[in-house]
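What follows is a short report on a single structure.
In my numbering, the protein residues as written are 35 to 262.
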């Protein structure tokens with residue numbers, strides 16, 4: 035009986051997801067499908083029942099130039115916001131954005147996230163001035179931040195918030211990068227393919243491929259494959 039119930043529930047969930055992009059009724063179908071699966075990451079299966087992504091009705095999205103690939107999972111309370119002068123947000127196939135994550139673009143900047151990369155809860159990814167470009171199969175732990183710009187600070191007679199922003203280049207993460215809890219990545223940084231950044235690090239300079247870096251500011255402590 036359990037297997038029959040599972041099959042029926044899966045069939046109903048699949049049908050609801052197939053209807054999820056209908057005008058007027060699509061949001062209701064998505065809510066019903068989510069209610070059948072349970073809380074939080076139990077809903078991830080909904081992104082794989084059809085080629086359509088799962089976008090939670092509780093997500094807040096205001097981004098005219100948003101591209102969402104097949105099998106993406108956008109969780110409850112994710113925010114994707116574009117200012118009028120923002121570029122684009124592009125999510126590849128199978129990208130996961132978990133609850134509390136904010137993606138914000140403006141001043142010509144963009145955010146691009148490659149196939150099968152997962153961004154855990156409460157991360158902040160910006161594209162302002164410079165862009166944030168994240169490769170494929172990247173794992174980003176909770177509370178990480180990406181800031182491809184800085185505020186001007188030189189004019190002491192003018193509030194910092196009113197000074198123009200500056201940037202030294204895009205933030206670029208190669209494929210198969212892993213960022214630990216609360217890593218902060220600043221403008222102009224490139225993190226090479228297969229690099230690992232330890233929890234709490236502040237990355238102010240580029241990190242070579244397949245290296246492990248820790249600390250504030252982040253420094254390479256060894257290469258992967260060479261033992262502890």
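Even glycine gets a Cβ: it sits at the ideal position worked out from N, Cα and C.
Computed from a predicted structure; not experimentally measured.
Spatial neighbours of residue 156 in its own chain (CB-CB distance under 7 Å, excluding positions within 5 residues in sequence) are listed in chain order as 134, 135, 176 and 177.
Within 10 angstroms of the beta-carbon of residue 194 lie fewer than 16 other beta-carbons, which makes it exposed. When rounded, the separation of the alpha-carbon atoms in residue 74 and residue 152 is 15 Å. For residue 143, no beta strand (DSSP E) encloses it, and the DSSP letter there is neither H nor E. A direct Cα-to-Cα measurement between residue 149 and residue 54 gives close to 22 Å. Distance check between residue 85 and each of 49, 240 and 188 places 49 closest, using alpha-carbon atoms only. Under the 10 Å beta carbon count, residue 202 is surrounded by fewer than 16 other beta carbons and is classified as exposed.
Uninterrupted beta strand (DSSP E) stretches at least 3 residues long and entirely within the region 192–252 occur at 205–207, 218–220 and 245–248, given in chain order. With a threshold of 16 other beta carbon atoms within 10 Å, residue 116 meets it and is buried. In the DSSP assignment, the residues bridged to residue 254 are 247. Less than 7 Å divides the Cβ of residue 108 from the Cβ of residue 89. Counting C-beta atoms within 10 angstroms of its own C-beta, residue 204 has 16 or more neighbours from the protein chains shown and is therefore classed as buried. Counting other Cβ atoms within 10 Å of its Cβ, residue 169 reaches 16 or more and is therefore classed as buried.
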